[in-house]
Amino acid sequence: MKLLILLSVLVTFVTCIDQDFLDKANERMSQNVQECAETTGATKDDMMELMEIKIPSRKEAKCLLACYHKKYGIQDKDGKLDKSASIQAMKDLKVADPDLYEKAVKLFDTCTEQVPNQECECETAAIFMYCFNIYGQMMGLKPGMVPM
57 MKLLILLSVL VTFVTCIDQD FLDKANERMS QNVQECAETT GATKDDMMEL MEIKIPSRKE
117 AKCLLACYHK KYGIQDKDGK LDKSASIQAM KDLKVADPDL YEKAVKLFDT CTEQVPNQEC
177 ECETAAIFMY CFNIYGQMMG LKPGMVPM
């Protein structure tokens with residue numbers, strides 16, 4: 057539970073987006089993280105690692121990330137990156153913060169083109185997160201700034 061509260065606080069503090077949008081995004085993220093943790097066997101330490109925007113070290117954490125990506129359409133049912141579904145998942149962000157949305161679309165464009173799909177969807181998720189962090193920083197985005 058502390059982890060989910062931390063996630064909500066992180067998203068709230070790093071963005072200046074409409075509170076209603078943030079509340080809905082936080083609720084959905086919390087629910088998805090919890091569901092994915094249960095299905096992948098990820099531990100609290102795994103979730104803390106992800107909350108700290110660190111590249112996952114354990115397979116369970118990487119698979120939690122892949123599960124989370126699938127819930128938002130970042131990865132399709134086969135674990136392959138899906139650029140159009142990723143951008144579609146951010147449609148509410150477009151209304152809440154058009155400038156952040158434009159940066160997020162560029163970031164998704166870049167990373168879906170740069171990250172090769174791996175045999176293991178969990179590895180794809182971890183590499184995508186790495187790309188997202190690196191290119192996001194280059195674009196001036198702080199970790200956690202793109203709520204889904």
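Heads up: the sequence shown runs through residues 57 to 204, numbered per the numbering used here. From the three backbone atoms N, C-alpha and C, an ideal C-beta is built for every residue, glycine too. Because the structure is a prediction, the values reported are computed rather than measured.
Which two residues bound the contiguous alpha helix (DSSP H) that contains residue i?
{"i": "residue 183", "result": "177 to 194"}
{"i": "residue 112", "result": "Unbroken run through residue 112: none, as it is neither H nor E."}
{"i": "residue 102", "result": "100 to 107"}
Look up residue i in the DSSP assignment and say whether it is helix, strand or coil.
{"i": "residue 131", "result": "strand"}
{"i": "residue 197", "result": "coil"}
{"i": "residue 172", "result": "coil"}
{"i": "residue 145", "result": "coil"}
{"i": "residue 153", "result": "coil"}
Distance check for residue j and residue i, CA to CA, integer angstroms please.
{"i": "residue 144", "j": "residue 82", "result": "18 Å"}
{"i": "residue 189", "j": "residue 197", "result": "9 Å"}
{"i": "residue 17", "j": "residue 147", "result": "The displayed coordinates of the chain run from 57 to 204. Any statement about residue 17 would go beyond what the structure contains."}
{"i": "residue 77", "j": "residue 107", "result": "20 Å"}
{"i": "residue 122", "j": "residue 160", "result": "19 Å"}
{"i": "residue 186", "j": "residue 111", "result": "6 Å"}
{"i": "residue 194", "j": "residue 165", "result": "14 Å"}
{"i": "residue 115", "j": "residue 135", "result": "15 Å"}
{"i": "residue 162", "j": "residue 109", "result": "20 Å"}
{"i": "residue 182", "j": "residue 168", "result": "13 Å"}
{"i": "residue 172", "j": "residue 79", "result": "33 Å"}
{"i": "residue 180", "j": "residue 88", "result": "19 Å"}
Any idea which residues DSSP pairs residue i with across the strands?
{"i": "residue 137", "result": "131"}
- Message: If contact is defined by three or more beta carbon pairs under 8 Å, each pair taking one atom from either stretch, is the segment 85 to 105 in contact with the segment 147 to 166?
- Response: The segment 147 to 166 makes no contact with the segment 85 to 105; the number of CB pairs closer than 8 Å stays below 3.
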